[in-house]
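A.B. asks: Below you will find the structure I want to go over with you.
2 protein chains.
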Amino acid sequence: MLDRQKVTIQDIADKANVSPSTVSRVLSGNARVVESKQTAVLEAIRELNYRPNIFARGLASGQSMTIGVLTQNISSPIYDAIMWGILQNLKGSGYSPVFADGYWSQEAEKNALHILLDRHADGLIVIGGSSPKEVLIETAKRVPLVVVGREIPEISENCLKMDDFQGGYLATQHLIERGHRQIVNITGILSHDDAVERLEGYKKALKEAGLAVDDQLIVEGGFNEQSGVMAINILMERGRAFSAIFAANDQMAFGARLALYRKGIRVPDDVSIIGYDNQPTSAYMTPPLTTIDQPAVELGEAASFNILQLIKGQAIEKTTFPAKIVMRESVSRLR
Amino acid sequence: MLDRQKVTIQDIADKANVSPSTVSRVLSGNARVVESKQTAVLEAIRELNYRPNIFARGLASGQSMTIGVLTQNISSPIYDAIMWGILQNLKGSGYSPVFADGYWSQEAEKNALHILLDRHADGLIVIGGSSPKEVLIETAKRVPLVVVGREIPEISENCLKMDDFQGGYLATQHLIERGHRQIVNITGILSHDDAVERLEGYKKALKEAGLAVDDQLIVEGGFNEQSGVMAINILMERGRAFSAIFAANDQMAFGARLALYRKGIRVPDDVSIIGYDNQPTSAYMTPPLTTIDQPAVELGEAASFNILQLIKGQAIEKTTFPAKIVMRESVSRLR
DNA sequence: CTGTTAGCGCATTCAT
DNA sequence: ATGAATGCGCTAACAG
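Written out as structure tokens, the structure reads:
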């Protein structure tokens, strides 16, 4: 055992000729301390390079001053944007984020949730995921919770989400309006609510336009580029003709686009594509991709703002993030 | 303050008719306990759904049972792969990883390091980064440390890295061998050692072949796709002709490729590209990209293996990861 | 405003 | 093999 953390609050107290409590007070800022002692303590802290022991602090106060963030895949661009938003708003709040990754697996996600709970996170931000809603409802009773990207009626106030159904609807409608009738849907992981909703939106738009929902034109993807590529292969094998694709996120849209490109199929001349998320990278990188806007950074900011409010015991107001199409040139009009 | 964590070790002791010490013993497994009491305790734990308080445990034991991982950008594919390797090896070790992100900024990185230290991580894995080496040397004295992707002579045993110089050299040599003489280098962030080394390797290969190093053909990138795109724009403005590009990572190679594509320049027919990292996504997604292999998962596995060894006070053996070219069809032979 | 006291929940002596 | 006692470093009443 290394003996770093040798200097304790008592050492500071001694050096500054005050009691430990006084040191604690200037540290927390919860009570007034005479100027002279204040500076003496601060000076001692600096000289001795004192760092509070978070274990002792957590044990005594019951708070960890951390916000647990449960994600599905830390290294996905959309999560990156959300996390960025979270960080921005947490800065200066005194709380630090602690991340745990669900790796798109329900088992790992459960485990990650436990880790966060065990670490006594003062608040929890759950981004998407496939945790049974009962688990989240139960969790919400024990600790301030904000769920991003899912709508759970029982704890609706804790949820922050875009209208995925509407997004899927708009995307599909956009294609229909442009004359497309054989429209593919590359869905997300269907154990995730948002994926299902986007699919339902797609179906609704078709039905509303009097078009049949053709299962052969629906392929379940995995929210990553590879699955977009594979989806095209699957579609080719099925042999159904199509003139447009609605992919449930930009990464899959991107994969699909590349797969088409390799087969010599042009976008949007031969096939139109619309994605989802409006990821900066997609926007900037790919040949222009029409997509549905997912205000990820804003979602993240709202999430951390809300969790802070909840921790402070203050009310939160429900913000809604409407679905919105961002048009670029990956959809063409059919004649 | 919520009163979750109501059930303590004392509750278990009471229910199982033993002393708290005994409960602690079965929990840690550090001492023999009679079978009957053992099962009684386990039963009580299960029934009361007991979870140890990590603060109390950390305070009493001085250990956190966590490994701090300092990254530069959690959401970068290469870090993702490294982290995956780390996770694999940590599983079942009793240690959990805790992540902190340096966001490619020295300031944020310093902060992240402090966070990890404050959390009393029992070991630290620092992936790349731009922390002054003095800081790392000092840190290594206080806590078991493994540095991935940097070579620091003073703590060489703690370092785990590929030969970036050799990688840059090989990549450039490969292009030269194929007849290219005007070779662009889109470098990484030059405050990072690995970026500098790849650049130096590039220069060495040029000189060795009797080619001049032309500053106009060198562009500093940011290790992401966007900077690859921008690099091409910058090059176009400069107006220097070139027939090949060596990009210091696959993401930038990818960006460069797209930028070229948009300008109607074909790869590899008009311009050859070689990347760095051999990222699965690149390999799978982009039109084949010749690249330098970066065994990220293996690096991650080695890192966590080593950190575990260090914590146990056991010796580690120095593994070397040689640079290796992975050839696909993004480099053509010039006639 | 400040010092004193008493735990927070657990691991770890030390006895037995 | 097991219980009792002690303390990890800090915060939060409680007095003054």
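Chains as they are written, first to last, in my numbering: chain P, 1 to 335; chain V, 1001 to 1335.
Beta carbons are placed, not taken as given, at the ideal position from N, Cα and C, and that holds for glycine.
All values reported here derive from a predicted model rather than from experimental measurement.
Let me make sure I understand the geometry here. Which of V:S1131, V:L1124, V:A1121 has the alpha-carbon closest to that of Y1103 of chain V?
C.D. replies: Minimum Cα distance to Y1103 of chain V is reached at V:S1131.
A.B. asks: Grab me the residues of T1290 of chain V's own chain with a C-beta within less than 6 Å of its C-beta, minus the 5 sequence neighbours each way, in chain order.
C.D. replies: The residues are I1274, M1327, R1328, S1330, V1331.
A.B. asks: How close, in whole Å, do the beta carbons of G1323 of chain V and Q1173 of chain V come, if the pair is a contact with beta carbons under 8 Å?
C.D. replies: In the sequence under discussion, the amino acid at residue 1323 of chain V is Ala, which differs from the Gly named in the question. Going by Cβ atoms, the distance from A1323 of chain V to Q1173 of chain V rounds to 11 Å, so no, they are not a contact pair.
A.B. asks: Tell me which residue opens and which closes the alpha helix (DSSP H) that D1250 of chain V is part of.
C.D. replies: Per DSSP, D1250 of chain V belongs to the alpha helix (DSSP H) from 1250-1262.
A.B. asks: Is the shortest distance between the beta-carbon of R1051 of chain V and the beta-carbons of chain P less than 7 Å?
C.D. replies: Answer yes: the Cβ-Cβ gap between R1051 of chain V and chain P drops below 7 Å somewhere.
A.B. asks: At the level of alpha carbons, what is the spacing between A964 of chain V and S1227 of chain V?
C.D. replies: The structure shown does not extend to residue 964 of chain V, since chain V spans only 1001 to 1335, so no value can be given for it.
A.B. asks: Assign M327 of chain P to one of three DSSP states: helix, strand, or coil.
C.D. replies: If DSSP states are grouped into helix, strand and coil, M327 of chain P belongs with coil.
A.B. asks: Taking all protein chains shown into account, do 16 or more other C-beta atoms lie within 10 angstroms of the C-beta of D1122 of chain V, making it buried, or fewer, making it exposed?
C.D. replies: The residue in question, D1122 of chain V, is buried, as its Cβ has 16 or more Cβ neighbours within 10 Å.
A.B. asks: When DSSP builds the beta bridges, which residues end up paired with F1321 of chain V?
C.D. replies: V:M1162, per the DSSP bridge assignment.
A.B. asks: Assign N49 of chain P to one of two classes, buried (16 or more other C-beta atoms within 10 Å of its C-beta) or exposed (fewer than that).
C.D. replies: When all chains shown are included, N49 of chain P counts as exposed.
A.B. asks: Would R240 of chain P pass as a contact of Q279 of chain P if the rule is Cβ separation under 7 Å?
C.D. replies: No.
A.B. asks: Residues in its own chain within less than 8 Å of I245 of chain P by CB, not counting five upstream and five downstream?
C.D. replies: Answer for I245 of chain P: I183, V184, N185, I186, A253, A256, V271, S272, I273, I274, listed in chain order.
A.B. asks: One question on the structure: do L1087 of chain V and A1303 of chain V come within less than 7 Å of each other, judged by their Cβ atoms?
C.D. replies: No.
A.B. asks: Given Q1106 of chain V, which residues of its chain have a CB within under 6 Å of its CB, disregarding the five upstream and five downstream residues?
C.D. replies: Excluding positions up to five away in sequence, the list reads S1130.
A.B. asks: Taking the C-alpha atoms as reference points, what is the distance between V1219 of chain V and I1234 of chain V?
C.D. replies: Computed Cα separation, rounded: 8 Å.
A.B. asks: Under the three-state reduction of DSSP, which class applies to I1176 of chain V: helix, strand or coil?
C.D. replies: Three-state DSSP puts I1176 of chain V in a helix.
A.B. asks: In this structure, what does DSSP give as the bridge partners for S1096 of chain V?
C.D. replies: According to DSSP, S1096 of chain V bridges with V:T1066.
A.B. asks: Strictly below 8 Å CB to CB, what residues from chain V border S96 of chain P?
C.D. replies: Those are I1115, listed as they occur along chain V.
A.B. asks: Going straight from the alpha carbon of N1224 of chain V to that of A1248 of chain V, what length do you get?
C.D. replies: Their backbone Cα atoms lie some 10 Å apart in a straight line.
A.B. asks: At the level of alpha carbons, what is the spacing between R238 of chain P and I265 of chain P?
C.D. replies: So the two alpha carbons sit approximately 17 Å from each other.
A.B. asks: Applying the criterion that 16 or more other CB atoms from any shown protein chain within 10 Å of the CB defines a buried residue, is L334 of chain P buried or exposed?
C.D. replies: The residue is exposed, with fewer than 16 neighbouring Cβ atoms inside 10 Å.
A.B. asks: Compile a chain-ordered list of the residues in the segment 208-227 of chain P whose CB is closer than 9 Å to at least one CB of chain V.
C.D. replies: Going along the segment 208-227 of chain P in chain order, one finds N224, E225, Q226 with a Cβ nearer than 9 Å to chain V.
A.B. asks: Are any of the Cβ atoms in chain P nearer than 7 Å to that of G1058 of chain V?
C.D. replies: Judged by the 7 Å Cβ criterion, G1058 of chain V is in contact with chain P.
A.B. asks: Please list the partners that R328 of chain P has in chain V, where partner means a Cβ-to-Cβ separation under 8 Å.
C.D. replies: The premise fails here: R328 of chain P is roughly 13 Å from chain V at the closest Cβ pair, so nothing lies under 8 Å.
A.B. asks: Between the Cα of R1262 of chain V and the Cα atoms of V:D1250, V:M1236, V:V1018, which residue gives the shortest distance?
C.D. replies: Nearest option by C-alpha distance: V:M1236.
A.B. asks: Since V18 of chain P and V41 of chain P are thought to touch, with beta carbons under 8 Å apart, how far apart are those beta carbons, to the nearest angstrom?
C.D. replies: So it is a contact: roughly 6 Å between Cβ atoms.
A.B. asks: How many Å lie between L170 of chain P and M65 of chain P at the Cα?
C.D. replies: Whole-angstrom Cα-Cα distance: 41 Å.
A.B. asks: Expressed to the nearest angstrom, what Euclidean distance is found between the alpha-carbon atoms of G221 of chain P and V213 of chain P?
C.D. replies: When rounded, the distance between both Cα atoms is 18 Å.
A.B. asks: Does the beta carbon of I245 of chain P come closer than 7 Å to any beta carbon on chain V?
C.D. replies: Answer no: the Cβ-Cβ gap between I245 of chain P and chain V never drops below 7 Å.
A.B. asks: Could you list which residues in chain V have their beta carbon closer than 7 Å to that of D118 of chain P, in chain order?
C.D. replies: Those are R1051, I1054, listed as they occur along chain V.
A.B. asks: Is V1229 of chain V buried or exposed, if buried means 16 or more other CB atoms sit within 10 Å of its CB?
C.D. replies: V1229 of chain V should be labelled buried.
A.B. asks: Using the three-state DSSP reduction, which class does L310 of chain P fall into: helix, strand or coil?
C.D. replies: Looking at L310 of chain P - three-state DSSP - the assignment turns out to be helix.
A.B. asks: In the DSSP assignment, what are the bridge partners of N1185 of chain V?
C.D. replies: Bridge partners of N1185 of chain V: V:I1218, V:F1246.
A.B. asks: What's the C-alpha gap between Y1202 of chain V and F305 of chain P?
C.D. replies: Taking the straight line from one Cα to the other gives about 47 Å.
A.B. asks: What residue does the alpha helix (DSSP H) around V41 of chain P start on, and which one ends it?
C.D. replies: Here the alpha helix (DSSP H) through V41 of chain P covers 35-48.
A.B. asks: Cβ of I1127 of chain V within 7 Å of Cβ of T1071 of chain V?
C.D. replies: Yes, Cβ-Cβ distance for I1127 of chain V and T1071 of chain V is below 7 Å.
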